[in-house]
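A quick write-up on the structure given underneath.
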Amino acid sequence: MPVIFSGLIGIDLGTTFSCVAHLTGDGMPTTIPNREGDLVTPSVVLIEEDGAIVVGREAKRSECLFPDRTAVCVKRDMGNPQYSRPVGGVMYRPEVLSAMILKRLKEDAERKLGVVQHAVITVPAYFDDTRRKATQDAGLIAGLHVLDILNEPTAAALAYTFESHVRKHGQAATFADQFARRELTVLVYDLGGGTFDVSLVKMSHDRFETLATDGDVRLGGRDWDERIVNYVSEEFLREKRSDPRTDAESLAALYQSVEQAKHALSVRANTRILVIHDAQRMSVDLSREQFDRLTQSLLTRTQMTTELVVESAGLTWSEIDRVLLVGGMTRLPQVRDMLKKLTGRDPDVSVAPDEVVAHGAAIHGGILLSRAQGSGPNSSGPVKSWASFQTIDVNSHSLGIAVRAADGGYANSILIPKNTQLPVARSRTYHTSVPNQRQVRVRILEGEAREAEACVQIGEFLIQGLPPNLPERAPIEVECRYAADGRISVVGRDPTSGQLAETTIIRQGGIEDKALHREAKKLATTEIQ
Ligand code: AMP
24 MPVIFSGLIG
34 IDLGTTFSCV
44 AHLTGDGMPT
54 TIPNREGDLV
64 TPSVVLIEED
74 GAIVVGREAK
84 RSECLFPDRT
94 AVCVKRDMGN
104 PQYSRPVGGV
114 MYRPEVLSAM
124 ILKRLKEDAE
134 RKLGVVQHAV
144 ITVPAYFDDT
154 RRKATQDAGL
164 IAGLHVLDIL
174 NEPTAAALAY
184 TFESHVRKHG
194 QAATFADQFA
204 RRELTVLVYD
214 LGGGTFDVSL
224 VKMSHDRFET
234 LATDGDVRLG
244 GRDWDERIVN
254 YVSEEFLREK
264 RSDPRTDAES
274 LAALYQSVEQ
284 AKHALSVRAN
294 TRILVIHDAQ
304 RMSVDLSREQ
314 FDRLTQSLLT
324 RTQMTTELVV
334 ESAGLTWSEI
344 DRVLLVGGMT
354 RLPQVRDMLK
364 KLTGRDPDVS
374 VAPDEVVAHG
384 AAIHGGILLS
394 RAQGSGPNSS
404 GPVKSWASFQ
414 TIDVNSHSLG
424 IAVRAADGGY
434 ANSILIPKNT
444 QLPVARSRTY
454 HTSVPNQRQV
464 RVRILEGEAR
474 EAEACVQIGE
484 FLIQGLPPNL
494 PERAPIEVEC
504 RYAADGRISV
514 VGRDPTSGQL
524 AETTIIRQGG
534 IEDKALHREA
544 KKLATTEIQ
């Protein structure tokens, strides 16, 4: 194996399942089975009574027995100051729970690879800056050097293209040299356990560009399951006069049965769900037709977002060469049928939808490490070939500044609209609002709404030390910079005095450095079962 790739893993940190891959021999991405031999690990954490931390299959199994000690769908809360409810009586930050999952994935990978140092972790393209930062912090707490946070659809498209190249040409080393001779426009539809993303990417021989992206961080398989849980619970309630949703253990068991039924309906027309609650049992029949009807509005939401993304990229369906499916939920026939009808193409399912993102993350890590070392005269093989490869992303949320509106409230003045290619820097001149103003507070917003209060404030800073006696409406320049890795910085300048004003971005909701290192130290000495 080229030394450069050793100690590198790509991690798909999913809402319901996670997957890890590495690069083997000549740079081929391969999934690393976990200690139980499974290719994916449930993203579930159980905190035992004695404080022991269990992650994965065993934790998922315990969800029914100890729902109060189990954390599920942590990814949905990333970016919030706390996980939605206490786990074992303790309120945790989502970063800390995610770090427990990451540490378990790292330890499993180390059983096969030896010491793991570097990782690329994927996030939905639709994750905002706060959620990205939280994911990076989770990696740090888990003891990983996070090379990059990569968008899931970018990872998926990279892996699909890479693996189809290897199938055709038989070797990974020539990937970047021969990759996509013809320019390809690809739609990536990613429906996982808890999040939905759709992206359009354009690939040529040396570039990988995201044209547009959209999604919903709160739409995924769990919502499909919830519809069926509600339906089955109503049936049970009518017949047995008791509601399984009122008991945490019955509810957790019902969610598991419903999920299994959903999987069965991907390959069969009918299935049955057994409900046990209040010392009573009942079996409820469910057909694929019923399932589709009960979940139709959720599927329609994904369809509307898909249409919107194609429209916002200024493309027509005939200009899209390929439709790639990512995420376990794309195994549902309703998803495949809808996409075929919409796009007029058979979706590509040549790579396992639950592993493809981790593979792409490993490839991206390989490209980054190659780039770091690839410019030397003696480099060869994948290192040389991959080093020249470029990936270009877009921002998934508009970036703006809060400005005073005519009605006395605050409006969102968008500086960098969503779907702008990164890196980018844009500046605009604003004005002071009163005579002799000595400082200006700049609030940085993420979101599309016109009103500032309907957006997410991701930071603020003060431009201080303005010269005295400035008239009202004196100009103030603000420059927003969006780096290629999605990180944001904002600079304010007072052109009257010609001085760059002091800027400090205060990130809301993020974990502080001190707490981060404390958590990392604590987890480093904790064994994850
Ligand atoms: P992911 O986050 O990509 O791992 O996707 C997990 C989601 O896909 C969960 O909601 C699973 O229930 C769902 N899923 C996995 N396998 C299947 C299947 N065979 N049929 C239907 N849904 C599935």
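Numbers 24 to 552, taken from the working numbering, label the letters of the sequence shown in order.
Where a beta carbon is used, it is the ideal one built from N, C-alpha and C, also for glycine.
Open item on the list: Between the segment 266-281 and the segment 81-98, can you find at least three pairs of beta-carbon atoms closer than 8 Å?
Closed with: Three or more Cβ pairs drawn from the segment 81-98 and the segment 266-281 lie within less than 8 Å of each other, which places the two stretches in contact.
Open item on the list: Quick check on this structure: which residue in 396, 79, 57 has the alpha carbon closest to the alpha carbon of residue 65?
Closed with: Residue numbering aside, residue 65 sits at position 42 when the sequence shown is read from its first letter. Cα-wise, what sits closest to residue 65 is 79.
Open item on the list: Can you determine whether any heavy atom of ligand 1 sits closer than 8 Å to the C-beta of residue 382, and answer yes or no?
Closed with: Taking the first residue of the sequence shown as position 1, residue 382 is located at position 359. Residue 382 has its CB no nearer than 8 Å to any heavy atom of ligand 1.
Task: Nonlocal neighbours in the same chain, by C-beta distance under 7 Å from residue 472, ignoring five residues either side - done: Position 449 of the sequence shown, counting from 1, holds the residue named residue 472. Non-local C-beta neighbours of residue 472 in its own chain, meaning closer than 7 Å and more than five positions away in sequence, comprise 435, 478, ordered along the chain.
- [ ] On the DSSP bridge assignment, give the partners of residue 514 in chain order.
- [x] One-based indexing of the sequence shown puts residue 514 at position 491. Bridge partners of residue 514: 502.
Task: Closer than 8 Å: residue 67 CB and nearest ligand 1 heavy atom - done: Reading the sequence shown from its first residue, position 44 is the one you call residue 67. No, ligand 1 has no heavy atom inside 8 Å of this Cβ.
Open item on the list: Three Cβ pairs or more, each shorter than 8 Å: is that satisfied between the segment 180-188 and the segment 144-157?
Closed with: Counting Cβ pairs under 8 Å, fewer than three are found: no touch.
Open item on the list: On the DSSP letters alone, give me the boundaries of the alpha helix (DSSP H) that residue 117 sits inside.
Closed with: The residue labelled residue 117 in the question sits at position 94 within the sequence shown. Start and end: 117-136.
Open item on the list: Less than 9 Å between the C-beta atoms of residue 347 and residue 371, yes or no?
Closed with: Reading the sequence shown from its first residue, position 324 is the one you call residue 347. Reading the sequence shown from its first residue, position 348 is the one you call residue 371. Yes.
Task: Neighbourhood of residue 117 by C-beta, 7 Å cutoff - its chain only, sequence neighbours within 5 removed - done: The residue given as residue 117 occupies position 94 in the sequence shown. So the qualifying residues of the chain are 97, 100, 101, 103, 106, 157.
Task: the segment 130-137 contacting the segment 43-59, beta-carbon criterion three pairs below 8 Å - done: Look at the beta carbons and you see the segment 130-137 touching the segment 43-59: at least three pairs across the two are nearer than 8 Å.
Task: Candidates 43, 222, 464: closest to residue 125 by CA position - done: Locating residue 125 in the sequence shown gives position 102, where the first residue counts as 1. Closest in alpha carbon position to residue 125, among 43, 222, 464, is 43.
TODO: Just the C-alpha distance for residue 487 and residue 440, rounded to the nearest angstrom, thanks.
DONE: Residue 487 sits at position 464 when you count from the first residue of the sequence shown. Residue 440 sits at position 417 when you count from the first residue of the sequence shown. Rounded to the nearest angstrom, the two C-alpha atoms are 28 Å apart.
Task: Limits of the unbroken beta strand (DSSP E) element including residue 20 - done: Missing from the structure shown is residue 20; the chain here goes from 24 to 552 and no further.
Open item on the list: If you measure between the beta carbons of residue 543 and residue 166, is that distance less than 9 Å?
Closed with: Taking the first residue of the sequence shown as position 1, residue 543 is located at position 520. Taking the first residue of the sequence shown as position 1, residue 166 is located at position 143. Yes, Cβ-Cβ distance for residue 543 and residue 166 is below 9 Å.
TODO: Give the secondary structure of residue 100 by DSSP, where H, G and I count as helix, E and B as strand, and everything else as coil.
DONE: By 1-based counting over the sequence shown, the position of residue 100 is 77. Note: residue 100 maps to helix in three-state DSSP.
Open item on the list: For the pair the segment 278-296 and the segment 305-316, tell me if three or more CB-CB distances fall below 8 Å.
Closed with: Yes: the two stretches touch, three or more of their Cβ pairs being nearer than 8 Å.
TODO: Note down the Cα distance separating residue 516 from residue 500, rounded to an integer number of angstroms.
DONE: What you label residue 516 is simply residue 493 of the sequence shown in a count that begins at 1. What you label residue 500 is simply residue 477 of the sequence shown in a count that begins at 1. One C-alpha to the other measures close to 5 Å.
Open item on the list: If the criterion is Cβ atoms closer than 9 Å, does the pair residue 374 and residue 213 meet it?
Closed with: As a working note, residue 374 is residue 351 in the sequence shown. As a working note, residue 213 is residue 190 in the sequence shown. Result no, Cβ atoms of residue 374 and residue 213 do not sit closer than 9 Å.
Open item on the list: So, under 8 Å CB-CB, residue 30 and residue 189 are touching, yes? Tell me the CB distance rounded to an integer number of Å.
Closed with: Taking the sequence shown and counting its residues from 1, one reaches residue 30 at position 7. Taking the sequence shown and counting its residues from 1, one reaches residue 189 at position 166. That belief does not hold up - the Cβ atoms of residue 30 and residue 189 are roughly 23 Å apart, past 8 Å.
Open item on the list: Would you call the segment 254-270 in contact with the segment 222-241, where contact means no fewer than 3 C-beta pairs closer than 8 Å?
Closed with: Counting Cβ pairs under 8 Å, fewer than three are found: no touch.
Task: First and last residue of the uninterrupted alpha helix (DSSP H) at residue 253 - done: Sequence index remark: in the sequence shown, residue 253 carries index 230 (1-based). Here the alpha helix (DSSP H) through residue 253 covers 244-263.
- [ ] Tell me whether residue 83 is buried or exposed, calling it buried when 16 or more other Cβ atoms sit within 10 Å of its Cβ.
- [x] The sequence position of residue 83 within the sequence shown is 60, counting from 1. Under this definition residue 83 is a buried residue.
Open item on the list: Considering just the uninterrupted stretch of the beta strand (DSSP E) at residue 225, what are its terminal residues?
Closed with: For the purposes of this step, residue 225 is taken as residue 202 along the sequence shown, with counting starting at 1. Start and end: 219-226.
TODO: Report the residue from 336, 496, 257, 222 whose alpha carbon sits nearest the alpha carbon of residue 325.
DONE: Here residue 325 refers to the residue found at position 302 when the sequence shown is read from its first residue. Residue 325 has its Cα closest to that of 222, out of 336, 496, 257, 222.
Task: Status (buried if at least 16 other CB within 10 Å, exposed otherwise) for residue 160 - done: Start at 1 with the first residue of the sequence shown, and residue 160 comes out as number 137. Around the Cβ of residue 160, a 10 Å sphere holds 16 or more other Cβ atoms; the residue is buried.
Task: Top-ranked residue by Cα proximity to residue 380, from 39, 136, 174, 356 - done: Position 357 of the sequence shown, counted from the start, is the residue given in the question as residue 380. Looking from the CA of residue 380, the closest CA among 39, 136, 174, 356 belongs to 174.
Task: Beta-carbon proximity list for residue 530, same chain, < 6 Å, skipping 5 on both sides - done: Here residue 530 refers to the residue found at position 507 of the sequence shown. Note on residue 530: pLDDT 48, under 50, position unreliable in the model; the coordinate value appears next. Close CB contacts of residue 530 within its chain, under the 6 Å cut and outside five residues either way in sequence, are with 482 (chain order).
- [ ] Report yes if the CB atom of residue 164 is closer than 9 Å to the CB atom of residue 468, and no otherwise.
- [x] Within the sequence shown, numbered from 1, the residue matching residue 164 stands at position 141. Within the sequence shown, numbered from 1, the residue matching residue 468 stands at position 445. Contact flag unset, no.
TODO: With hydrogens ignored, establish whether the beta-carbon of residue 312 is closer than 8 Å to any heavy atom of ligand 1.
DONE: On the sequence shown, residue 312 is found 289 positions in, with the first residue counted as 1. Residue 312 Cβ: outside cutoff for every heavy atom of ligand 1.
Open item on the list: With a threshold of 8 Å (Cβ to nearest heavy atom), would residue 355 be considered close to ligand 1?
Closed with: Residue numbering aside, residue 355 sits at position 332 when the sequence shown is read from its first letter. Yes - ligand 1 has a heavy atom lying nearer than 8 Å to the Cβ of residue 355.
Open item on the list: Measuring only from the beta carbon, is residue 226 closer than 8 Å to any heavy atom that is part of ligand 1?
Closed with: Within the sequence shown, residue 226 is the residue found at index 203, counting from 1. No, the Cβ of residue 226 stays beyond 8 Å of every heavy atom of ligand 1.
TODO: Report the rounded CA-to-CA distance for residue 518 versus residue 496, giving the unit in angstroms.
DONE: Translated into the one-based positions of the sequence shown, residue 518 becomes position 495. Translated into the one-based positions of the sequence shown, residue 496 becomes position 473. C-alpha separation (whole angstroms): 13 Å.
Task: Proximity below 9 Å, CB of residue 143 to CB of residue 171 - done: On the sequence shown, position 120 is the one that residue 143 refers to. On the sequence shown, position 148 is the one that residue 171 refers to. Going by beta carbons, residue 143 and residue 171 fall inside the 9 Å limit.
- [ ] Check whether the Cβ of residue 243 lies closer than 8 Å to any heavy atom of ligand 1, and answer yes or no.
- [x] Along the sequence shown, one-based indexing puts residue 243 at 220. Yes, the beta carbon of residue 243 sits closer than 8 Å to at least one heavy atom of ligand 1.
Open item on the list: Quick check: what's the CA-CA separation for residue 318 versus residue 250?
Closed with: The sequence position of residue 318 within the sequence shown is 295, counting from 1. The sequence position of residue 250 within the sequence shown is 227, counting from 1. Going from the Cα of residue 318 to the Cα of residue 250 covers about 7 Å.
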